[in-house]
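Written below as structure tokens is the structure these notes are about.
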Amino acid sequence: MAKFSPILGSVRGSLAGCTFTRCRGGNMVTVRKVPTNRQSSRQLRVRAAFADVAVAWNGLSDAQRAQWKDYAKSRPRVNALGTEYTMTGQQAFISLMTVWSDSGEVIKKEPPAQGRRNPPGPGAIFILEFHQPGTIWTNDVVAPGIGGRHVLWWSGPINSARDPGLSRAAIVAYSERNPVGLVEWVLPFEVQAGSTAKFWLGNVDQFGQLSELVSRKARWDPV
Numbered sequence: 001m002a003k004f005s006p007i008l009g010s011v012r013g014s015l016a017g018c019t020f021t022r023c024r025g026g027n028m029v030t031v032r033k034v035p036t037n038r039q040s041s042r043q044l045r046v047r048a049a050f051a052d053v054a055v056a057w058n059g060l061s062d063a064q065r066a067q068w069k070d071y072a073k074s075r076p077r078v079n080a081l082g083t084e085y086t087m088t089g090q091q092a093f094i095s096l097m098t099v100w101s102d103s104g105e106v107i108k109k110e111p112p113a114q115g116r117r118n119p120p121g122p123g124a125i126f127i128l129e130f131h132q133p134g135t136i137w138t139n140d141v142v143a144p145g146i147g148g149r150h151v152l153w154w155s156g157p158i159n160s161a162r163d164p165g166l167s168r169a170a171i172v173a174y175s176e177r178n179p180v181g182l183v184e185w186v187l188p189f190e191v192q193a194g195s196t197a198k199f200w201l202g203n204v205d206q207f208g209q210l211s212e213l214v215s216r217k218a219r220w221d222p223v
């Protein structure tokens, strides 16, 4: 419950997923993370894909593990603080193949060829709009390349105090292979009328490599 002070006009308590408090630095608002339903079909599927990939790593030969180690060294990453770091071969394998396995594909034992670039991103100009409360359309998206797919993330509803970033996003759907033109996405949830949701779109190639992600906001306004 939010309590408004008649003298100072400040607010404290909780309202719409936001906690209003005060510290030595002044007033502060904390946005609580949307709880995850661990028993949802989507969560069960992701955990199953992760477990399958972890088991698959144990079945790789020493030569294949060495290839993944070399691949990881050739693809340093940057953390949230802007510091570059290198994954282990196992981390690189699980990172790529979990997404690839989750999309319904067979786990690959060898990494992408050295020097192979990530697939192109979805592009700066593409359409994302609600078709129904649980269905959205995308169009004019840059193709992911032969054997690739579009990947859709959802980072939650948006309001005046909450505009979630990619760190709060989760994959909710994949397109078919080699998507062209208009793509219809069936979401594992429905959005209430008048609500705005934030999505992220990217491409994944046939080796599990991800492109950059581009965000879009969509509002469900039934006619």
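For reference, each letter of the sequence shown is one residue, going 1 to 223 in full-length UniProt numbering. Virtual Cβ for every residue (Gly too), placed ideally from N, Cα, C.
Asked                                                                                                      : Found
Contacting residues, own chain, Cβ-Cβ under 7 angstroms from P120 (five flanking each side not counted)    : V142, N203, S211
Neighbourhood of W185 by C-beta, 6 angstroms cutoff - its chain only, sequence neighbours within 5 removed : I136, L152, A173
Beta-carbon proximity check, S195 vs P222, cutoff 8 angstroms                                              : no
Bounding residues of the alpha helix (DSSP H) (the contiguous stretch that carries S101)                   : 89-102
Residue burial classification, Y85 (beta-carbon count within 10 angstroms, cutoff 16)                      : exposed
Backbone CA spacing between Q206 and R162 [nearest angstrom]                                               : 35 angstroms
Between the CA atoms of G13 and L213 - distance to the nearest angstrom                                    : 35 angstroms
Spatial distance of A193 from N159 (CA atoms)                                                              : 14 angstroms
Same chain, Cβ closer than 7 angstroms to E190, five either side skipped, listed in chain order            : P133, G134
Cross-strand partners of E84 (DSSP beta bridge)                                                            : V78
From G26, N27, R219, S215, residue whose alpha carbon lies closest to that of I125                         : S215
Residues near P164 in its chain [Cβ-Cβ closer than 7 angstroms; skip 5 each side]                          : S155, G156, K198
8 angstroms contact criterion, which T138 and V78 should meet: CB distance rounded                         : About 28 angstroms separates the two Cβ atoms, so there is no contact after all.
Nearest-angstrom beta carbon gap, I107 and W100 [assumed within contact, 8 angstroms]                      : 7 angstroms
Cα-Cα separation between A2 and S167, rounded to whole angstroms                                           : The predicted position of A2 is uncertain, since its pLDDT is 48 and thus under 50; a value taken from the coordinates is nonetheless stated next. Using only the alpha carbons, I get a separation of about 27 angstroms.
As assigned by DSSP and simplified to three states, the class of M1                                        : The predicted position of M1 is uncertain, since its pLDDT is 46 and thus under 50; a value taken from the coordinates is nonetheless stated next. Three-state result, M1: coil.
Identity of the residue in S74, N178, A63 nearest R116 by Cα                                               : S74
Contact check, K69 vs G89, beta carbons under 8 angstroms                                                  : yes
Span separating the alpha-carbon of G123 from that of D102                                                 : 24 angstroms
Test item: CB-CB of Q43 and P111 under 8 angstroms                                                         : no
Closest Cα partner of A170 within the set A92, E105, P188, T83                                             : P188
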